[in-house]
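Numbering (the working numbering), first residue to last: 14 to 446.
The beta carbon of each residue, even a glycine, is placed where N, CA and C say it ideally should be.
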């Protein structure tokens with residue numbers, strides 16, 4: 014075990030860098046016996062002040078941040094009390110300047126700054142008492158009494174010190190010192206120091222309340238995000254088995270009629286599942302990735318419907334990197350095939366369009382089927398079945414009211430499903446090896 018002492022000092026605490034070899038150092042038997050020393054050359058920082066703190070060298074950056082934060086707090090405290098001392102000094106200077114006893118400004122400001130720095134030194138103690146004895150419902154009476162006693166003691170003590178400093182810096186040296194007059198004067202105005210004590214306690218209470226409030230907001234936001242993520246994952250997990258069961262049903266129908274077609278369908282299903290697994294943890298993907306999934310699915314359906322199904326893509330190149338929910342188009346296209354093409358013996362056609370419209374990603378899926386009945390309830394149709402209902406729920410979770418999912422008959426016949434979401438570009442992230 015090698016122990017190296019550095020010369021770094023902060024706040025009176027010595028920083029000791031420790032390197033461990035195969036055996037524990039005899040000066041640290043308790044730590045060594047507990048097995049805290051890792052294998053060769055693991056380094057630690059030990060800060061020795063009021064107590065010993067063993068910090069892994071790996072957390073050096075975090076330690077430096079804590080030290081920097083402490084320096085900022087100390088600097089801010091000194092700045093506040095310096096302004097307080099200058100304010101008191103200016104008051105006393107103007108008061109004596111108007112009297113028959115003019116006193117040099119440097120003596121007055123020396124007095125008040127010294128008094129202010131006494132309070133700066135007491136601030137950590139007052140803050141400790143405020144946090145150690147919060148005035149809360151459970152023990153409010155006991156803690157209130159503690160603060161009352163502390164405010165009287167500290168207020169009285171600081172006033173005594175202030176008057177002694179006054180005698181040293183300001184008072185006429187020819188005047189005789191009287192302990193009785195000193196104590197009487199302190200008794201008459203010691204409440205000034207007590208009020209300063211309570212002001213520090215109030216600032217501490219407000220600060221702690223705000224910190225707890227912000228912490229509660231952050232926790233609530235995280236819980237909401239976790240809940241939304243869990244709900245989205247549940248919806249997506251519903252969608253994948255739904256598609257898988259339908260595809261396996263189609264394969265089972267073909268396996269005895271057309272083994273070659275069933276084999277192709279299994280191969281394309283494997284490609285689709287591979288692409289799904291590659292983006293399984295992503296809630297949003299680029300439109301280009303989503304179209305790759307969709308083409309795998311359509312290849313499966315083309316095998317199933319042979320020459321009866323044709324698909325046309327009209328995709329603007331500038332929207333290929335737009336973000337949209339993972340596997341959001343497949344249930345829409347599946348719905349078009351199921352209701353617009355499968356029930357009829359004629360030629361089926363599906364058109365898939367994507368463009369940018371008024372800051373929105375506009376996607377439209379149109380089939381040439383019979384469309385909606387004249388008295389059809391669009392809202393009820395969206396609720397029926399797993400596919401579209403799942404799509405509507407995911408859009409609501411991700412975008413709230415900032416989305417559109419509508420069904421409408423086209424002028425040429427057939428049904429058009431319109432999807433609009435805020436246009437955002439997909440950020441490319443390099444995969445870790």
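As the crow flies, the alpha-carbon of residue 94 is around 51 Å from that of residue 439. Distance from the CA atom of residue 358 to the CA atom of residue 259, rounded to whole angstroms, is 20 Å. Inter-residue distance for residue 417 and residue 224 is about 39 Å (C-alpha atoms, whole angstroms). Residue pairing by DSSP places residue 366 opposite 327 and 377 in a beta bridge. Residue 221 is not a Cβ neighbour of residue 155, given a cutoff of 8 Å. DSSP places residue 434 within a strand segment (E or B) once states are collapsed to three. Here residue 135 is not bridged, per DSSP, to any residue. Leaving aside the five residues that flank residue 205 on each side, the residues in its chain whose CB is nearer than 8 Å to its CB run, in chain order, 168 and 172.
With contacts defined by Cβ atoms closer than 8 Å, residue 334 and residue 299 form a contacting pair. By the neighbour-count criterion, in which 16 or more other beta carbons inside 10 Å mark a residue as buried, residue 404 falls on the buried side.
Taking C-beta separations shorter than 6 Å and ignoring five residues to either side along the sequence, the partners of residue 342 in its chain run 303 and 307, following chain order.
The DSSP-derived three-state label of residue 338 is strand. Excluding five sequence positions before and after residue 435, the CB atoms of its chain that fall closer than 6 Å to its own CB belong to 415, given in chain order. With contacts defined by Cβ atoms closer than 8 Å, residue 140 and residue 217 form a contacting pair. Contact check for residue 428 against residue 361 fails: the beta carbons are separated by 8 Å or more.
Counting of Cβ neighbours within 10 angstroms places residue 380 among the buried residues, the total reaching 16 or more. Of the other Cβ atoms in all chains shown, fewer than 16 fall within 10 Å of the Cβ of residue 137; this residue is therefore exposed.
In this structure, the alpha-carbon of residue 176 lies about 54 Å from that of residue 235. In the structure shown, the three-state DSSP call for residue 371 is coil. Annotated as proximal: residue 178 and residue 124, with beta-carbon spacing under 8 Å.
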